[in-house]
Amino acid sequence: MALIVLVAFLCFFQRLTMVWNQNFPFDSWGHLYFIVSVKRQRTGPFKPIWTDVVGGGYYHYPLLTHWFISLLPESILISRWVKVLNPIFEGVALLFCMLLSLWAGISPVTVSASGLLYIFTPMIFSKVGIGPTSYFSTRLYSELSTGMLLLLTFLPLPLDRSILILLVGLLVSYIALSSKFGLQMLFLVIIPAAFLSQKFYFLLAIIIGLTFSIFISKGVAIKIWREQWNHLLWYLSKVKTMPISDRNSFLNFKKAFSTSGLKEKVKNIAFLIVGKNSFTSTILKFPILVAIPILLFNNNN
Numbered sequence: 053m054a055l056i057v058l059v060a061f062l063c064f065f066q067r068l069t070m071v072w073n074q075n076f077p078f079d080s081w082g083h084l085y086f087i088v089s090v091k092r093q094r095t096g097p098f099k100p101i102w103t104d105v106v107g108g109g110y111y112h113y114p115l116l117t118h119w120f121i122s123l124l125p126e127s128i129l130i131s132r133w134v135k136v137l138n139p140i141f142e143g144v145a146l147l148f149c150m151l152l153s154l155w156a157g158i159s160p161v162t163v164s165a166s167g168l169l170y171i172f173t174p175m176i177f178s179k180v181g182i183g184p185t186s187y188f189s190t191r192l193y194s195e196l197s198t199g200m201l202l203l204l205t206f207l208p209l210p211l212d213r214s215i216l217i218l219l220v221g222l223l224v225s226y227i228a229l230s231s232k233f234g235l236q237m238l239f240l241v242i243i244p245a246a247f248l249s250q251k252f253y254f255l256l257a258i259i260i261g262l263t264f265s266i267f268i269s270k271g272v273a274i275k276i277w278r279e280q281w282n283h284l285l286w287y288l289s290k291v292k293t294m295p296i297s298d299r300n301s302f303l304n305f306k307k308a309f310s311t312s313g314l315k316e317k318v319k320n321i322a323f324l325i326v327g328k329n330s331f332t333s334t335i336l337k338f339p340i341l342v343a344i345p346i347l348l349f350n351n352n353n
């Protein structure tokens, strides 16, 4: 047990060293603005906030996590100490996941090793992985809650089925009401996982969770989800004009080869493979994507 707690503390400390001297980017200031607005306007987690900015007005957004954080003193929210919140949540979430795994009968050594792999996986040291941790956004909360939800569903926990459905339903409600990324994960990760695993009680829990979200928000959740859907359609229509739209283009490799000098060629190609191309960098920095198919193949044989 002491080893598990030590791993969770190590997660908190490592993540804090990543963010303490980082300057917040635009998105982080936006989320902090939402949190302070929720606190000052006393809107609660479901009503829109008034954004007093150019082109602003009433803004509907999944604000449940913002509301929870807004319960803290404003002196913390507008100070450097707000950077401690994400590492605390990540450390506590990792501890919870490891305790769930222990409860499911997995050995403490395996659980601790898995926790260390989570902390130090190469992907966390990329801009893709570091973003939710180093930037103050609610995406981290949704991602970790989704991980907890999947562990609750797929670990062999000694839990009554009705209690499991209730817990998963509550987590689904939290995820759906907390961030647009959480909503995307529900429909792009969690629901497909339920169908693929043929765990139909999992689907029932998702339906209960979404229904409860609508009920507790008095229907506001539907408006929020509709706006997020429209935002995704808008983003999809603009994605080809975004600065990152060509990051996976083969023309980048052609340009890298066309540079003069062997040293420049090697440097440019290495940067493309490790830092720019989404597919190659993910495989290199997140090697479990390669390990899983190999393990499944060996298991089938």
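Numbering (my numbering), first residue to last: 53 to 353. Virtual Cβ for every residue (Gly too), placed ideally from N, Cα, C.
Counted as a single uninterrupted DSSP element, the beta strand (DSSP E) harbouring I101 occupies residues I101 to T103. For Y111, the enclosing beta strand (DSSP E) stretches over residues G109 to Y111.
Selection R191, S159 and H83 evaluated against M237 yields R191 as nearest (Cα-Cα).
Put simply, the region 208-216 touches the region 142-159. At least three CB pairs are less than 8 Å apart. Judged by DSSP secondary structure, I158 falls outside any alpha helix (DSSP H); it is assigned neither H nor E. Looking only at K99, F86, G108 and Y113, the smallest Cα-Cα distance to L235 is reached by Y113.
With a threshold of 16 other beta carbon atoms within 10 Å, N329 meets it and is buried.
With distances taken between CA atoms, V57 lies nearest to G143 out of S301, Y110 and G143.
DSSP places R94 outside any alpha helix (DSSP H), giving it a letter other than H or E. Judged by DSSP in its simplified three-state form, P244 adopts helix.
Distances from the alpha-carbon of L169 to those of I215, Y110 and C63 put C63 closest. The beta carbon of Y111 is closer than 7 Å to those of P100, I101 and T103 in its chain, skipping five residues each way along the sequence. When the beta-carbon positions are compared, F239 and H83 stay at least 8 Å from each other.
Using a 10 angstroms sphere on the CB of L146, the tally of other CB atoms reaches 16 or more, which defines it as buried.
In this structure, the beta-carbon distance from G221 to G261 falls below 8 Å. When D212, L223 and S214 are compared, the shortest CA-CA separation from L202 is found for L223. DSSP, reduced to helix, strand and coil, places Q74 outside both helices and strands of the structure shown, so it counts as coil.
The beta-carbon separation of L55 and Y226, rounded to 29 Å, does not stay under the 8 Å limit for a contact. The beta carbons of A273 and S265 sit closer together than 8 Å.
Contact check for I321 against S333 fails: the beta carbons are separated by 8 Å or more. Your pair N138 and V71 checks out as a contact, with CB atoms roughly 7 Å apart and the cut at 8 Å.
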